[in-house]
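First up is the structure itself, then whatever we jot down about it.
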């Protein structure tokens, strides 16, 4: 397989309303792809994938070079690689490879790694990053941030991007063995939910890996109000917020994490 050159351009604001043909003669609408983010910028794509994606997370976006040229952004460990994808009117060209449909394209590279041109890092498409997320304010904050950062270089833009999908605050947690309730300081970053004895504690009491969590929902089985639970194979954690609004915020962002992880 040939190497694919990293895309250096920024994104356009064009409206990609054209149809992409499939080999079976039916039309494939680009907007129907849940992982197509149209005019998302390069920097916003990097911020989203680095903050909330995982190794192998990917999305497709427009290129500003010309109509019919797109960029595939893929997270590879702690970096994001960008690759040209060209629609010729009847097929999709990626490097020296050509595919009759997007389905064939993704299927191929889910089993045949991409090769980053700069480092030779093997990249496999594993997790499509959804366009529709349950926390739109976070998604929009990236776009607003990157729009305000025009004039800055790529090197200093990404490190100063906002901490997407992060949250912290006090919650009351029910104990595992002894069912008493204690207030703990919680922090959420990427796919890790940590809780500490208090805000000043340097080390967490426990770190929960959200990739192992199967559900987050309101819980009405407790005598307390504003409670919700996180369901893990080994245990269900019961947490209570001070207000219903705060509990709803935690639930939304945690569910979003489950979708994009």
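Residue numbers (full-length UniProt numbering): 1 to 261. Positions of the beta carbon are idealized from the N, C-alpha and C atoms, including for glycine.
- By the Cβ criterion, the segment 97 to 104 is not in contact with the segment 37 to 46, since fewer than three pairs of Cβ atoms, one from each stretch, lie closer than 8 Å.
- The segment 216 to 230 makes no contact with the segment 73 to 81: fewer than 3 CB pairs, one atom from each, lie closer than 8 Å.
- Between the segment 222 to 232 and the segment 83 to 94 there are fewer than three inter-stretch CB-CB distances shorter than 8 Å, so the stretches are not counted as touching.
- Separation of the CB atoms of residue 105 and residue 124 is rounded to 13 Å, and the pair is thereby denied contact status at 8 Å.
- Going by DSSP, residue 214 is part of no beta strand (DSSP E) at all; its letter is neither H nor E.
- Annotation: residue 231 is outside any alpha helix (DSSP H); the continuous beta strand (DSSP E) that includes it extends over 227 to 231.
- Secondary structure within the UniProt domain "SH2" (35 to 129): the alpha helix (DSSP H) runs of 4 or more consecutive residues, fully enclosed, are 42 to 52 and 102 to 111 (chain order).
- The alpha-carbon of residue 253 is positioned some 13 Å away from that of residue 245.
- Per DSSP, the unbroken beta strand (DSSP E) holding residue 193 starts and ends at 192 to 196.
- With 16 or more other Cβ atoms inside 10 Å of its own Cβ, residue 238 counts as buried.
- Burial state of residue 177 is exposed, judged by a 10 Å Cβ sphere holding fewer than 16 other Cβ atoms.
- A direct Cα-Cα distance of roughly 12 Å separates residue 257 from residue 249.
- Counting along the chain, residue 238 sits inside the beta strand (DSSP E) bounded by residues 236 to 240.
- In summary, residue 173 is buried, with 16 or more beta-carbon neighbours lying within 10 Å of its beta-carbon over all protein chains present.
- Where residue 174 is concerned, the enclosing beta strand (DSSP E) starts and stops at 167 to 174.
- Pairing residue 200 with residue 236, the inter-Cα distance amounts to about 26 Å.
- Put simply, of 211, 182 and 191 the residue whose alpha carbon is nearest the alpha carbon of residue 205 is 182.
- Residue 206 is bridged by DSSP to 195.
- As the crow flies, the alpha-carbon of residue 188 is around 5 Å from that of residue 166.
- In this structure, the straight-line span from the alpha carbon of residue 184 to that of residue 190 is close to 19 Å.
- Setting aside the 5 residues that flank it on each side, residue 192 is surrounded in the same chain by 207, 208, 209 and 210, each with a C-beta closer than 8 Å to its C-beta; the list follows chain order.
- In this structure, the CA atom of residue 212 is about 10 Å from the CA atom of residue 234.
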